[in-house]
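Asks: Shown below is the structure under consideration.
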Amino acid sequence: MKNKVAVEASICEAYIVEEISIFMSHYFKPDVICKKRRPGRNDDGLNNENIAQVICQILIAVGQDDKIVWTRSSDGVFSTKAAWETIRVASPQRQLLADIWHCSLRPTMSVFLWRLFQNRIPVDARMKQKGFSFPSKCQCCEAEETIPHLFVESSAVQGVWQHFAHFFGLQLCDTGDLTHLVHFWRYSTPFHSDLHARTLVPFLILWFTWTQWNAAKYDGVQFSTNNIIFEVQCHLRTLYAARILTSTQWKGDLHRAIAMDFIFRPMVPRAPRVVRWVTPSPAWFKLNSDGSSLGNPGPAGAGGIIRNAEGQVRLAYQVTLGTTTSVIVELTAVWRGLELAMAHGLAPIVVEVDATMVIQLLQTRASGRWEVQHLIMRIVQIQQVLGSDVRHIFREANGAADHLAQEATSLQITRVVHPGDITGALQWILRLDRLGIPHLRHGR
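The UniProt record's numbering numbers the first residue of the sequence shown as 1 and each following residue consecutively.
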């Protein structure tokens, strides 16, 4: 096929077909018997009217300019990070390598530790593997200089490990493997969500062993056990003075922190906050919606309930959504509720959700995945018709919608619930809401 392009013309005029060398016979094989289909239906069982309805449901933002959307990011804006995450082959995350980039370690320390665990430290044994030939001798004894010997097995370093093992009440494991040694320290306590002191101290021992080795080799300073212990303790005190070292990192070992004169202020628990569901203003309706997703993505369902100014239920609904993300679930819950409100003439109406993410998306009209963008457009269009407003409500006061969403997820049901069909736990939740019974919210 050859094309002749006109610069200033319509598409149909710009692309003029001069020669056609593609024929239907290239794709159609007369010896293949096609399945007999019912007139007016396609292979999916949809008739022409249903297809037209599906096409008409595709929303087009009339009056707005076309916008380029980078679908790999949540906000639709291109980023090199999202591009890199798309094309790279990601290895399984190693907790050890994640720990070394903690703020308790200077960047120089983190880079060194990364090189050390990748076996990229230029000790004598490593240099010999690269083809260099020279005599090798440890800075503190007559043994050959290797990574296990320098950082674990030498007599001077053994004294450092023994000192801090005694401080934490540990019996050292007999291993020359640095990874196994650090894992032994890390999992010697059940509290290792943050960089615990039992994980931080081995990193500091490795770093200051390296600095002492350099000082001994190039500056003539004696390789000393006490010097390494002193440097580790000084770094811990510096972190404490800078308020980088927190009580969380000493959880389970606070008495040992006190032995180093580290005094942390006790954490004062926040007073619980009283929250309750409040009826809407007279002549108004209130929609409470919620989504439930068992994973992100995962099996999901949405639910909601519409009540009047007296707290009486006008209708409720449940929607099963298969496997999807929490963003789509929350937005679908709002959209379905507003759609039912408009169909039943329940206006004006105020919407309450416990997901601040939904409010932010509706306020910013954020671009992103097309499913999300279309849901936002649908919600905004119905809002303009009903004059509705979306507000935040704490989860504890949104119990009715939460119950409906969780039930929709677990039972995989889609239905509209009328007031006479409400029974069981939901009936009690609605009664408590109507009486204004408060709920206690702990934390923020």
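Every residue, glycine too, gets a C-beta built ideally from N, C-alpha and C. Only a predicted model underlies this, so the values are computations on that prediction, with no experimental measurement involved.
1) My understanding is that G345 touches G304, with C-beta atoms under 8 angstroms, so please give their C-beta distance in whole angstroms.
2) So within the UniProt domain "RNase H type-1" (281-410), which uninterrupted alpha helix (DSSP H) runs reach at least 4 residues, ignoring any that extend past its ends?
3) What distance in whole Å lies between the Cβ atoms of A156 and F223, which are believed to be in contact at a cut-off of 8 angstroms?
4) Short of 6 angstroms in beta carbon distance, which residues of its chain neighbour V32, apart from the five on each side in sequence? Order them along the chain.
5) By how many angstroms is the C-alpha of T324 removed from the C-alpha of S293?
6) Using the C-alpha atoms, what's the distance from S91 back to F164?
7) Does L116 come out as helix, strand or coil in the three-state DSSP assignment?
8) Across which residues does DSSP place H102 in a beta bridge pair?
9) For H235, list the residues DSSP reports as bridge partners.
10) Would you call S281 buried or exposed, if buried means 16 or more other Cβ atoms sit within 10 Å of its Cβ?
11) Would you kindly check if the distance between the Cβ of V327 and the Cβ of V372 is under 7 angstroms?
12) Scan the region 214-270 and note each continuous alpha helix (DSSP H) run of 4 residues or more that stays entirely inside, going in chain order.
13) Could you name each continuous beta strand (DSSP E) segment of 3 residues or more that falls completely within the region 133-217, going from the start of the chain to the end?
14) Kindly confirm or deny that the region 282-289 and the region 258-266 touch, where touching means at least three C-beta pairs closer than 8 angstroms.
15) Given this structure, state the Cα-to-Cα distance separating V358 from N296, to the nearest angstrom.
16) Whose C-beta lies closer than 8 angstroms to the C-beta of S104 among residues of the same chain, with five residues either side of it excluded?
17) For the alpha helix (DSSP H) that contains R126, what are its first and last residues?
18) Please determine if the region 138-158 and the region 122-130 are in contact, where contact requires at least 3 C-beta pairs separated by less than 8 angstroms.
19) Tell me whether V54 sits in a helix, a strand or coil according to DSSP, three-state version.
20) Spatial neighbours of A386 within its chain, please: CB distance less than 7 angstroms, with the 5 preceding and 5 following residues excluded, ordered by chain position.
21) Report the rounded CA-to-CA distance for Q212 versus G159, giving the unit in angstroms.
22) Alpha helix (DSSP H) containing R431: first to last residue?
23) Measure the CB-CB distance between L331 and L375 and report whether it falls below 7 angstroms.
24) Is the distance from the Cβ of M267 to the Cβ of W207 below 7 angstroms?
25) Under 7 angstroms, do V319 and G291 count as touching if we go by C-beta distance?
26) Can you check which of these residues, L411, Q360, P202, is closest to L181 by C-alpha distance?
Replies: Short version:
1) Locating residue 345 in the sequence shown gives position 345, counting from the first residue. Locating residue 304 in the sequence shown gives position 304, counting from the first residue. 17 angstroms between Cβ atoms; not a contact.
2) 326-343, 356-364, 370-386
3) Working through the sequence shown from its first residue, we reach residue 223 at position 223. Working through the sequence shown from its first residue, we reach residue 156 at position 156. Sure, about 6 angstroms apart at Cβ, within 8 angstroms.
4) Position 32 of the sequence shown, counted from the first residue, corresponds to residue 32. The predicted position of V32 is uncertain, since its pLDDT is 43 and thus under 50; no value can be drawn from it.
5) As a position in the sequence shown, residue 293 is number 293, starting the count at 1. As a position in the sequence shown, residue 324 is number 324, starting the count at 1. Each residue's Cα considered, the two are about 8 angstroms apart.
6) Residue 164 sits at position 164 when you count from the first residue of the sequence shown. Residue 91 sits at position 91 when you count from the first residue of the sequence shown. Their Cα atoms are separated by approximately 33 angstroms.
7) Here the question's residue 116 lines up with position 116 in the sequence shown. Residue state, collapsed to three classes: helix.
8) Start at 1 with the first residue of the sequence shown, and residue 102 comes out as number 102. H102 is not bridged to any residue.
9) Mapped onto the sequence shown, residue 235 falls at position 235. Paired residue(s): none; H235 is not in a bridge.
10) Residue 281 sits at position 281 when you count from the first residue of the sequence shown. Result: exposed.
11) In the sequence shown, the residue the question calls residue 372 occupies position 372. In the sequence shown, the residue the question calls residue 327 occupies position 327. It is a contact, given that the beta carbons lie within the stated cut-off.
12) 225-241, 254-259
13) none
14) no
15) Position 358 of the sequence shown, counted from the start, is the residue given in the question as residue 358. Position 296 of the sequence shown, counted from the start, is the residue given in the question as residue 296. In a straight line, the C-alpha of V358 is about 16 angstroms away from that of N296.
16) Taking the sequence shown and counting its residues from 1, the one referred to as residue 104 is at position 104. Closer than 8 angstroms at the Cβ level, and outside the excluded window around S104, lie L195, L200, L239, I244, L245, Q249.
17) Looking up residue 126 in the sequence shown gives position 126. Its alpha helix (DSSP H) spans residues 124-129.
18) yes
19) By one-based count along the sequence shown, residue 54 stands at place 54. In the structure shown, V54 sits in a helix (DSSP, three-state: H, G or I).
20) The residue you call residue 386 lines up with position 386 of the sequence shown. Correcting the residue identity first, residue 386 is Leu in this sequence and not Ala. Once the five neighbours on either side are set aside, the close Cβ partners of L386 are L338, A341, M342, A347, P348, I349.
21) As a first step, residue 212 must be located in the sequence shown, where it is residue number 212. As a first step, residue 159 must be located in the sequence shown, where it is residue number 159. The alpha-carbon atoms of Q212 and G159 are separated by roughly 14 angstroms.
22) Position 431 of the sequence shown, counted from the start, is the residue given in the question as residue 431. Here the alpha helix (DSSP H) through R431 covers 424-435.
23) Here residue 331 corresponds to residue number 331 of the sequence shown, with the count starting at 1. Here residue 375 corresponds to residue number 375 of the sequence shown, with the count starting at 1. Closer than 7 angstroms, so yes.
24) Against the sequence shown, residue 267 aligns to sequence position 267. Against the sequence shown, residue 207 aligns to sequence position 207. Against a cut-off of 7 angstroms, the Cβ pair of W207 and M267 comes out as no contact.
25) Along the sequence shown, one-based indexing puts residue 319 at 319. Along the sequence shown, one-based indexing puts residue 291 at 291. Taking 7 angstroms as the Cβ cut-off, V319 and G291 do not qualify as a contacting pair.
26) In the sequence shown, counting from the first residue as 1, residue 181 sits at position 181. For L181, the nearest C-alpha among the options comes from P202.
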